[in-house]
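Under this note's numbering, residues 182 to 542 are what the sequence shown spells out, in order.
Here a beta-carbon is modelled for each residue, glycine too, at the ideal position from N, C-alpha and C.
Written below as structure tokens is the structure these notes are about.
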Amino acid sequence: MSNPSAVVADEQSAARELVRTWAASSGSVEAARDVEQGDAGAWRAPYGRLAELGIFGVALPEEHGGADGTVADLAAMVDEAAAALVPGPVATTAIATLVLPGTHSELLEALSTGERTAGITLTADLDYADGRVSGSAPYVLGGDGTAVLLLPAGDTWLLVDAVADGVTIEPLRATDFSRPLARVSLQNAPAEVLDVAAQRVVDLAATLLAAEAAGLARWLLQTATDYAKVREQFGKPIGSFQAIKHMCAEMLLRSEQASVAAADAARAASDPGADDAQLSIAAALAAAVGIEAAKANAKDCIQVLGGIGITWEHDAHLYLRRAYGIAQFLGGHSRWLRRVAALTQQGVRRELHIDLASVAD
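Dropping the structure here:
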């Protein structure tokens with residue numbers, strides 16, 4: 182696998198800037214707060230406007246109304262959306278656009294325009310036979326009464342429509358209230374087996390949620406360092422104190438590690454010639470690094486902020502909630518370290534090659 186060309190890098194930079202510029206006046210954080218105050222559908226307005234930017238169509242082929250981009254392009258936009266705390270099932274819908282077959286052209290178009298959303302879980306207790314499924318999924322991220330659901334059943338993945346007969350959606354009050362979370366019960370509900378490798382779906386989920394974690398870690402770093410430059414104590418900015426310097430430096434290291442790991446996983450997912458194991462080890466490392474970076478940076482950001490950091494009015498706790506929500510969904514930092522160790526024991530090594538042609542004079 183070679184590094185992406187300068188052209189692709191430029192396209193991703195442009196995509197990031199598009200989301201970043203829009204997010205500055207999107208009202209995303211305010212919408213997330215409105216959800217907590219009882220307006221359960223407040224996320225839909227900013228989510229719909231994000232869809233209008235083309236995020237959910239960026240990796241779709243042109244024949245399905247997409248931009249024919251890559252997973253790396255999509256991950257870059259998901260990263261920026263998370264940094265802005267855009268509410269709603271952004272990552273889960275993005276995952277669905279990567280795994281649904283082209284035969285679902287109408288559904289893919291509905292997902293890309295924001296008309297439909299998608300939820301997903303990595304853990305479920307389901308029995309599938311003859312096009313019908315029964316069982317339960319206790320923790321479906323993006324689970325909503327109008328969503329399509331991606332659910333694992335053994336070594337297969339099922340597509341279930343939340344509006345179908347036999348499907349019961351029970352909304353849950355989540356730590357991260359900025360996006361839907363639900364318990365799903367199925368009683369002889371219609372389901373379709375997706376023609377996709379089971380592990381690839383898991384790896385893609387880890388990749389895009391690692392991109393989210395990287396976006397969170399970066400926002401938390403920026404917020405902490407900006408505050409450390411202007412908050413004064415004993416007549417000087419607190420950023421001049423060694424303890425704060427070290428804390429911010431560690432936040433920078435974690436943020437950079439998360440960004441690099443997430444980008445590498447996205448590149449592995451974008452490479453049609455890559456071995457499946459290459460994506461698996463890159464995604465596992467990205468998830469492990471991203472989970473830890475987002476959680477640790479959230480804690481350190483709040484510590485740098487001091488008293489204001491623990492107030493409801495400051496946004497830091499919203500990012501802490503998102504970080505812990507990602508960790509809970511993915512199964513925690515240790516799960517993915519064990520996955521890296523298991524792959525390494527099987528002889529898997531991340532193969533990286535530098536292509537200097539793209540930067541040659």
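### Query
In three-state DSSP terms, what is residue 318?
As a position in the sequence shown, residue 318 is number 137, starting the count at 1. Here residue 318 sits in strand by DSSP.
### Query
Considering only the beta carbon of each residue, do residue 482 and residue 497 sit closer than 8 Å?
Within the sequence shown, the letter at position 301 stands for residue 482. Within the sequence shown, the letter at position 316 stands for residue 497. Cβ atoms of residue 482 and residue 497: closer than 8 Å.
### Query
Under the rule that 16 or more other beta-carbon atoms within 10 Å means buried, what is residue 384, buried or exposed?
Counted from its first residue, the sequence shown places residue 384 at position 203. Buried: at least 16 other Cβ atoms inside 10 Å.
### Task
Could you tell me which uninterrupted alpha helix (DSSP H) segments, each at least 4 residues in length, are contained entirely in the segment 197-231, listed from first to last along the chain?
209-217
### Query
Taking 7 Å as the cut-off, is the CB of residue 291 close to at least one heavy atom of the ligand SAM?
Ligands are entirely absent from the displayed structure, and the ligand SAM is therefore not among its contents.
### Query
Can you list, in chain order, the residues of its chain whose CB lies under 8 Å from that of residue 370, leaving out five sequence neighbours each side?
Position 189 of the sequence shown holds residue 370. The answer, listed in chain order, is 313, 314, 315, 341, 345, 346, 347 and 348.
### C-beta atoms of residue 398 and residue 436 nearer than 8 Å
Looking up residue 398 in the sequence shown gives position 217. Looking up residue 436 in the sequence shown gives position 255. Contact: yes.
### Identity of the residues DSSP links to residue 309 by a beta bridge
As a working note, residue 309 is residue 128 in the sequence shown. For residue 309, which the question treats as bridged, DSSP gives the partners 314.
### Task
Kindly give me the distance between the Cβ atoms of residue 439 and residue 256, rounded to whole angstroms, as I take these residues to be in contact under 8 Å.
On the sequence shown, position 258 is the one that residue 439 refers to. On the sequence shown, position 75 is the one that residue 256 refers to. That belief does not hold up - the Cβ atoms of residue 439 and residue 256 are roughly 12 Å apart, past 8 Å.
#### Entry: Assigned secondary structure, residue 328 (DSSP; H/G/I helix, E/B strand, else coil)
One-based indexing of the sequence shown puts residue 328 at position 147. Residue state, collapsed to three classes: coil.
### Message
Between the alpha carbons of residue 382 and residue 526, how many angstroms are there, rounded?
### Response
Numbered from its first residue, the sequence shown carries residue 382 at position 201. Numbered from its first residue, the sequence shown carries residue 526 at position 345. Taking the straight line joining both Cα atoms gives about 22 Å.
### Task
Look up residue 300 in the DSSP assignment and give the residues it is bridged to.
One-based indexing of the sequence shown puts residue 300 at position 119. BP columns for residue 300 point to 330.
### Message
For the pair the segment 463-481 and the segment 507-521, tell me if three or more CB-CB distances fall below 8 Å.
### Response
yes
### Coarse secondary structure for residue 240, derived from DSSP in three states
Within the sequence shown, numbered from 1, the residue matching residue 240 stands at position 59. If DSSP states are grouped into helix, strand and coil, residue 240 belongs with coil.
### Query
How many Å lie between residue 288 and residue 238 at the Cα?
Translated into the one-based positions of the sequence shown, residue 288 becomes position 107. Translated into the one-based positions of the sequence shown, residue 238 becomes position 57. Distance between the alpha carbons of residue 288 and residue 238 is about 12 Å.
### residue 274 versus 511, 290 and 427, residue with shortest Cα-Cα distance
In the sequence shown, counting from the first residue as 1, residue 274 sits at position 93. When only C-alpha atoms are compared, the closest one is 290.
### C-alpha gap between residue 277 and residue 299, whole angstroms
Against the sequence shown, residue 277 aligns to sequence position 96. Against the sequence shown, residue 299 aligns to sequence position 118. Near 6 Å, if we compare the C-alpha coordinates of residue 299 and residue 277.
#### Entry: residue 350 - partner residues in DSSP beta bridges
The sequence position of residue 350 within the sequence shown is 169, counting from 1. Looking at the DSSP assignment, residue 350 forms a beta bridge with 365.
### Query
Cβ atoms of residue 209 and residue 266: under 8 Å apart, would you say?
Residue mapping note: residue 266 aligns to position 85 of the sequence shown, counting from 1. Residue mapping note: residue 209 aligns to position 28 of the sequence shown, counting from 1. Contact: yes.
### Query
When the Cα atoms are used, what is the spatial distance from residue 216 to residue 359?
Within the sequence shown, the letter at position 35 stands for residue 216. Within the sequence shown, the letter at position 178 stands for residue 359. Rounded to whole angstroms, residue 216 to residue 359 spans 7 Å at the Cα level.
### Query
Hey, would you say residue 393 sits closer than 8 Å to residue 259, going by beta carbons?
Along the sequence shown, read from residue 1 onward, the residue named residue 393 stands at position 212. Along the sequence shown, read from residue 1 onward, the residue named residue 259 stands at position 78. It is a contact, given that the beta carbons lie within the stated cut-off.
### Message
residue 332 and residue 353 - do their beta-carbons sit closer together than 8 Å?
### Response
Position 172 of the sequence shown, counted from the first residue, corresponds to residue 353. Position 151 of the sequence shown, counted from the first residue, corresponds to residue 332. No, the pair does not count as a contact, with Cβ atoms beyond the cut-off.
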